[in-house]
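Numbering (this note's numbering), first residue to last: 276 to 350.
See the structure below:
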């Protein structure tokens, strides 16, 4: 079981890294919701310009958006 080091670091299991193609230097977004931590791998340019045609009414952070999606699933 991975444990938190004194430097607040966690080592991910090799099997998981291999399965998800995680490499040293990959960036992640970290969100906490109801006591659970979610890591989201950031992919450069993956969403660049996708929502450009939409007019935003209110600004919110990525974390607020994720929490809203978790609390109000559309499916």
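Backbone N, C-alpha and C define an ideal beta-carbon position, used for all residues, glycine too.
All values reported here derive from a predicted model rather than from experimental measurement.
For the putative contact between residue i and residue j, defined by C-beta atoms under 8 Å, what is the C-beta separation to the nearest angstrom?
| i | j | result |
| --- | --- | --- |
| residue 277 | residue 286 | 6 Å |
| residue 341 | residue 306 | 5 Å |
| residue 316 | residue 297 | 7 Å |
| residue 279 | residue 308 | Not a contact, Cβ separation roughly 19 Å. |
By alpha-carbon positions, which one of the options ends up nearest to residue i?
| i | options | result |
| --- | --- | --- |
| residue 318 | 308, 304, 328 | 304 |
| residue 292 | 349, 314, 339, 337 | 314 |
Quick one: grab the DSSP three-state call for residue i.
| i | result |
| --- | --- |
| residue 292 | helix |
| residue 314 | strand |
| residue 281 | coil |
| residue 340 | helix |
Grab me the residues of residue i's own chain with a C-beta within less than 8 Å of its C-beta, minus the 5 sequence neighbours each way, in chain order.
| i | result |
| --- | --- |
| residue 312 | 305, 306 |
For residue i, which residues in the same chain have their Cβ closer than 6 Å to its Cβ, ignoring the five residues on either side in sequence?
| i | result |
| --- | --- |
| residue 338 | 306 |
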